[in-house]
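Sequence order for the protein chains is S and A. Per the UniProt record's numbering, the very first residue in the first sequence carries number 1; after that it's consecutive. Per the UniProt record's numbering, the very first residue in the second sequence carries number 1; after that it's consecutive. We put the CB at the ideal spot given by N, CA and C, even for glycine. In this text, all values refer to a predicted model and were calculated from it rather than measured experimentally. For reference, the structure is listed below as structure tokens.
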Amino acid sequence: MRGRMNAGLIVGGTLVALVVIAALVSFVWTPHDPTLVDAARKLREPGGGYLLGADKFGRDTFSQLMVGARTTLYVGIVAVGIAALIGAPLGMIAGMTPHGWLSELVMRVNDLVFAFPALLLAVMLGAVYGAGTLTAMIAIGVATVPAFARVARAATMQVMVTDYILAARAAGRGRMAIAGRHVLPNIASMLIVQASVSFAIAILAEAALSFLGFGTRPPTPSWGRMLQESQELLFSTPRLALWPGLAIALAVLGFNLLGDGLRDYLDPKLRRIRERTRRSERSGGPTKEGLRGVSEER
Amino acid sequence: MAMPAGTPVIEARDLTRVYRRPRTSLTRPGEAVHALKGVSLSVARGERYGIVGESGSGKSTLLRLLCGLDRPTSGSIRFAGQEIVGRRDLRFLRNDLQIVFQDPMSSLDPRMRVRDIVAEPLVAQRLPVGTRVAELLDEVGLPAAAAERYPHQFSGGQRQRIAIARALAPAPKVLVADEAVSALDVSVRGQILNLLADLIDAHGLTLVFVSHDLSVVRHVCESVAVMSEGEIVESGAVDEVWAEPKHPYTRTLLRAVPTLEGLL
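See the structure below:
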């Protein structure tokens, strides 16, 4: 029934798995204390237990990257969680009552939020409530709500016109039961894909915010802040910018590839088209069938 | 109109349904489409009633109204003597009237097991499920093991059997079939039609059978209503209509039935 494993799914899955493993392992073990400042190790070259060297404060880059993965995932999970928990139900409501005033209201407010840049919102929230990981996560989450609402609404509308929804209504199901038992399971794959793509965007946004000083606060390691701290040494010690930059790029690429791969793997629309083609190939259509019957009669 | 013996189960009077196309201009409202223009019909208890017409003739709209899935713009529908138009609590209708849809590929939720699909009308109406699913599957000629599988693991004919099992679950009095065999291969059509006929006999059901194919209706039904452009243009006993069509549209419809001679 489902599509074959594709390259995007495998490569994306591997990259995401690497980030997750790094984050999990960092809870129990890192090569060195990622926050330990030691002037003796200042700008130490890679090697001798320091796989990727140390930064200007003598902190081990590799350990910082590992713990930074934790921050990255934390921000992504909470931001995407906020977006999905608010956006998906709103989109489903809008999709189940496509011409009602509630649907219009939801989607117009949605457009309003969508028009507001996520980073600006985060900077604003940071200015009002104080910069920090939590503010950044909430800002990114709120800014991602419209993306979820739109995907959920479009997918819900597709599901609502199918006969199995009519059949459920004829069976006496109420709106809530239809939403929970028919709509949600059938749009789940699209939401999962959206979550993966949004995760990539959230990672990038957190890195950007930390770079600007509105995200994760020191001393908690964060890839974005590692980039920022390496800025002044960009020409003398480029590796300090290279590693966190590479980590961000690969994590974002990983989640994007995973999203695309999942789309091909799960997308019910693609699958339905594939099935229909296969079915019409098998049966050959009614006209041909009739003619074949006649020629056999002869 | 030939009035068959027995009390009417479904009685519709002067049904109209107007759809409005989405507006394309700021100043003018969307174009109105008159899907039904004053349709009246009466289905007696135990009758097998066919509704024929080409696509766009309003037969699907009529069927949705009769099943309480849509509201008419005007008119009244009585089911077993009770008005259903404008009524919120349609539990009696959901219990006593069930539908078999046209395309079993889209009328079964792809994410549900057959067990849950067949049991859905029972669960929705808080009726006991017990061993009902296995009994129903057996009745439509499917093995009990089918309950644990998903719809995509079945062929079109088998899926339609699942849909029929679901329709029979709450022990309805009326079965409505919307083009129930049109989406199926010619080879399994006969099987499903015979199954339907057998089940209707066994349970003493009233059947409303909607189709574009008069020859299929003739096979299953006693009475027939011919629809064209939102109106019933002719109705009566199916053999009479078949033998002596009065309305020109019915004649056209009859000529459209493919015959062996016609093809040779």
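Please list the partners that residue i has in chain S, where partner means a Cβ-to-Cβ separation under 7 Å.
i         : result
A/Gln-125 : Gly-172
A/Asp-201 : Within chain S, no residue comes near A/Asp-201; the closest Cβ sits about 23 Å away, beyond 7 Å.
A/Gln-98  : Ala-170
Could you give the first and the last residue of the continuous beta strand (DSSP E) run that contains residue i?
i        : result
A/Pro-8  : 8 to 20
A/Lys-59 : Note, A/Lys-59: premise wrong, no beta strand (DSSP E); alpha helix (DSSP H) at 59 to 66.
A/Ile-99 : 97 to 100
Compare the C-beta of residue i with all C-beta atoms of chain S and state if any pair is closer than 8 Å.
i         : result
A/Thr-120 : With the sequence shown as reference, residue 120 of chain A is identified as Glu, and Thr is not the correct amino acid for it. Answer yes: the Cβ-Cβ gap between A/Glu-120 and chain S drops below 8 Å somewhere.
A/Ile-10  : no
A/Leu-69  : yes
A/Arg-255 : no
A/Arg-94  : yes
A/Arg-91  : yes
A/Glu-244 : no
So which residues on chain A does residue i lean against when the C-beta distance must stay under 7 Å?
i                      : result
S/Thr-162              : Ser-106
residue 299 of chain S : What is shown of chain S runs 1 to 298, which leaves residue 299 of chain S out entirely.
S/His-182              : Asp-109
Would you kindly report the start and end of the unbroken alpha helix (DSSP H) that includes residue i?
i         : result
S/Met-124 : 118 to 129
A/Phe-79  : Careful: A/Phe-79 lies outside any alpha helix (DSSP H), inside the beta strand (DSSP E) at 74 to 79.
A/His-34  : Unbroken run through A/His-34 is the beta strand (DSSP E), 32 to 44; no alpha helix (DSSP H).
A/Gln-153 : Run containing A/Gln-153: none; DSSP gives neither H nor E here.
S/Asn-6   : From DSSP, S/Asn-6 is part of no alpha helix (DSSP H); its letter is neither H nor E.
S/Val-67  : 61 to 96
S/Leu-102 : 101 to 114
S/Pro-185 : 184 to 212
S/Gly-261 : 239 to 266
A/His-203 : 186 to 203
A/Glu-244 : Unbroken run through A/Glu-244: none, as it is neither H nor E.
A/Leu-137 : 132 to 139
S/Gln-158 : 133 to 160
A/Arg-115 : 114 to 124
Residues of chain A with CB under 8 Å from residue i, in chain order?
i         : result
S/Pro-185 : Asp-109, Arg-111 and Met-112
In this structure, what does DSSP give as the bridge partners for residue i?
i         : result
A/Phe-209 : A/Gly-50 and A/Ala-177
A/Met-227 : A/Ile-232
A/Ala-237 : A/Ser-223
S/Glu-229 : Note: S/Glu-229 sits in no beta bridge, so no partner.
S/Gly-47  : S/Tyr-50
A/Glu-83  : A/Arg-78
Check whether the Cβ of residue i lies closer than 8 Å to any Cβ atom in chain A.
i         : result
S/Arg-108 : no
S/Ala-177 : yes
S/Gly-285 : Residue confidence is low: S/Gly-285 scores 40 on pLDDT, short of 50, so the model does not pin down where it sits. Its coordinate-derived value is still stated next. For S/Gly-285, the answer is no, since every Cβ of chain A falls outside 8 Å of its Cβ.
Whole-angstrom Cβ separation of residue i and residue j, contact assumed at under 8 Å?
i         : j         : result
S/Gly-254 : S/Gly-81  : With a Cβ gap of about 19 Å, S/Gly-254 and S/Gly-81 do not count as contacting.
S/Asp-60  : S/Pro-34  : 6 Å
A/Val-224 : A/Val-238 : 4 Å
A/Arg-115 : A/Val-100 : The pair is not a contact, with the Cβ atoms about 19 Å apart (cut-off 8 Å).
A/Lys-37  : A/Thr-61  : With a Cβ gap of about 11 Å, A/Lys-37 and A/Thr-61 do not count as contacting.
A/Asp-201 : A/Leu-63  : Contact flag wrong, Cβ pair sits at about 23 Å.
Residues of chain S with a CB under 9 Å from the CB of residue i: which are they?
i         : result
A/Phe-101 : Asp-163, Tyr-164, Leu-166, Ala-167 and Ala-170
Could you work out which residues of chain S lie near residue i, taking near to mean beta carbons separated by less than 8 Å?
i         : result
A/Arg-149 : Those do not exist, as A/Arg-149 stays about 11 Å from chain S at its closest Cβ, beyond 8 Å.
Check whether chain D comes within 8 Å of residue i, counting only Cβ atoms and requiring the distance to be less than that.
i         : result
S/Val-142 : The structure shown has no chain D; the protein chains it does contain are S and A.
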